[in-house]
Every structure is written in C-alpha cells, then in structure tokens.
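Participant:
In my numbering, the protein residues as written are 655 to 1022.
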C-alpha cells in the first residue's frame, strides 16, 4: 500500500474521523483509524456507536488498507511541514511516513481486526442545508439530559410532520424546541432520536453554508452525509416526552428583553455562585424593570435593567446556568418572555416568530 497526499488535506480528514475513535479500549483496533487506499483515500473511525468515514483525493500507487493508532498518526501529521505526505505500508504492517526532510516509522494493525460498520438499509430520508441543520442542533442539543436513568432524553428528537420539522431537547429542568418548514410531501410523518454525543460531533463537521446534508434513517441508525464526510450513529429508542403538552398555553405576563443585557446581568450574579453550592438567582419583574438578586455564602449581588412589559409583576428563581444557556442559544438580539407565576416555567421565544421555544423551570425561593 502506497499513497501521497497534501498534509493539510490529510490532517483535516483525520481531525473529523477522530471524533469516532475511543481513547481507551481492550481492542487496540478501536483506538485506531482504518486507512484504505483505492481510487481515493478513506479514513474510518468507529467506536461501535458512532462511525465517521472521510473520503479524500490522493495519489494512490498501491492499493491496500491498514489500521494506525489514531493518536500517534494524527500527532505525527500535525507536526509535519506543509508539504506532500508519502505513506508506504509494507507486508509486515510497518508504516513509513515521509514529508519533506521528516521521516517516521510506526507499526500498524491488520485491517481484519477493525470492526465492520453495520450494513444499513434506510427507509426514510430528507435533506437540509448545513446552516439550517447547524442552527437546529445548536438550539436544542444544549438542553439534552446527561442522566442515563432516562437514556431516551440524552438525545434530540427530530419529528417530521408533512413540511414541518421539529427538533427537541429536554432534561427535566428545561426544554428547547426548534421548528422549521421544509420541502417534503405533506403526508410524510416520522421521527427519530439522535444521541446528543453524535450531534455534538456532527456540529464540528458542518459549516454555515447552503450545502445540503443528506439524512438517511433506518430502524436503529441514522446516516448524515456532508460532501466527503459520512457520519453514522445509532438511534435512541423509547418514549420521548410529549413536548407539545409541556409548553404552557397561557402566559399572562409578556416581556420584550434585550438578550445581551439579560446575559450580562446573569453573568455578574454568577460570580458569587460556586459549583459546590448553587444558589439560585432571584428575578423580580416590576413593570418595565427587572431586579436580579443573588445571595450566596460568597456574598450578595443586586442588579437592575429595563425591559418592555405589559405591566405584570412576579418574583421567580432560576438556576443561573440553565437560564444563561437558554438566552445564549437564542441567536437573537431581542426575545419575548412569557411568565405566569413563581412556580410556572419561563417561556422564551423570538419576537414575532415561532422558530424556537425555550422553557426553563423555576426553583423554589426561600425567604431572605
């Protein structure tokens, strides 16, 4: 096996494929990347849950395949000069890597030891622009659960009904819903749940462009195809929260708020909140003003800023992290906030739009 490829192209491919490599395994091949040279060069990472295959243009002199330790190989390529990399694999799996005046000699693993990716027959498919899929993931994956007691909520639900797609993340303390119109037949109706871990890796692969991402859905797997990259992931199974019923229907208090002002105020209050003792932040909505208070073992902070309100008043407490993440993921300058009382969730939406709906559940406040 012998091939040549530009160092930057190879490094870019390795960076993507590394997302599906496990760092520690009793099977050495799982700590490696399967490198296959044919008409093109393919790099495959697979941790038995997520598989990533990257296809690159290369000059292939001798066809073949080998498994190379992912960490070692990628670090070598990272340190090489910006030149053509020449890789030669000998019959004894010894691998020569030459670039400019630099030479490395490392040992490989037989490709027979690398687990085969599942053969998937998909029955549903759709295509979304990269920038749209990126936005939908970013605005929901932050809210997925990390609690394995309810595995189905460690992923995002994608629900397609006709020409509308919803993505939903929920963890018991907050909910994030993103809705978008898409070009599908009106009778289409299906859903699937993608692990948050897989979506986080997918985010690193997609850009803010109109390039289409093809999504193919099978019974237990999903495949995302982005130009020269294919990400395969298992799907989660189980009963997902009925998110439509979770969203309050009536919010008598309506507020228009500046997102940056709100986030800055939360950040100031968070300076006095420690990981060991997460004191809540207390928000007092008083007509067109919001007073933010936080009392913790580290001290006390009070902040105040203006909003546009319909005049309702309420005092309500929140976990600072959950509230901050909701506002940071709005991708808006201004948002509309809906409130009912101190025990009902805060609802955050874009002004004059329904593209997203974020819920943050309050915490009970103690008297000062």
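Glycine included, C-beta positions come from ideal geometry on N, C-alpha and C.
1. Just the C-alpha distance for residue 817 and residue 780, rounded to the nearest angstrom, thanks.
2. Given residue 827, which residues of its chain have a CB within under 8 angstroms of its CB, disregarding the five upstream and five downstream residues?
3. Of the choices 932, 692 and 676, whose alpha-carbon is the least far from that of residue 717?
4. Unbroken beta strand (DSSP E) runs of length 3 or more, entirely within the segment 669–752: which are they?
5. Whose CA, out of 909, 685 and 694, lies closest to the CA of residue 726?
6. Have a look at residue 754 and residue 738 and give me their C-alpha separation to the nearest angstrom.
7. Please go through the same chain and pick out, in chain order, the residues whose beta-carbon is closer than 8 angstroms to the beta-carbon of residue 914, but skip the five residues on each side of it.
8. Do the segment 844–855 and the segment 992–1010 touch if we need at least three Cβ pairs shorter than 8 angstroms?
9. Whole-angstrom Cβ separation of residue 789 and residue 990, contact assumed at under 8 angstroms?
10. Bridge partners for residue 848 per DSSP, in chain order?
11. When you compare each of 793, 951, 760 and 723 to residue 929 by their alpha carbons, which one comes out closest?
12. Under 7 angstroms between the Cβ atoms of residue 720 and residue 689?
13. Whose C-beta lies closer than 7 angstroms to the C-beta of residue 835 among residues of the same chain, with five residues either side of it excluded?
14. Exposed or buried, what is residue 821 when buried is set at 16 or more other beta-carbons lying within 10 Å of its beta-carbon?
15. Below 8 angstroms on the Cβ atoms is my guess for residue 866 versus residue 791; work out the distance and round it to an integer in Å.
Facilitator: With the given structure in hand:
1. 11 angstroms
2. Excluding sequence neighbours, residue 827 sits near 973, 976, 1014 and 1015.
3. For the residues 932, 692 and 676, the minimum Cα distance to residue 717 belongs to 692.
4. 686–691, 695–700, 704–710, 713–716, 718–723 and 738–743
5. 685
6. If you draw a straight line from the Cα of residue 754 to the Cα of residue 738, it is about 7 angstroms long.
7. 987
8. no
9. So it is not a contact: roughly 19 angstroms between Cβ atoms.
10. 810
11. 951
12. yes
13. Here the set comprises 817 and 818.
14. buried
15. Actually they do not touch by this definition, with Cβ atoms about 15 angstroms apart.
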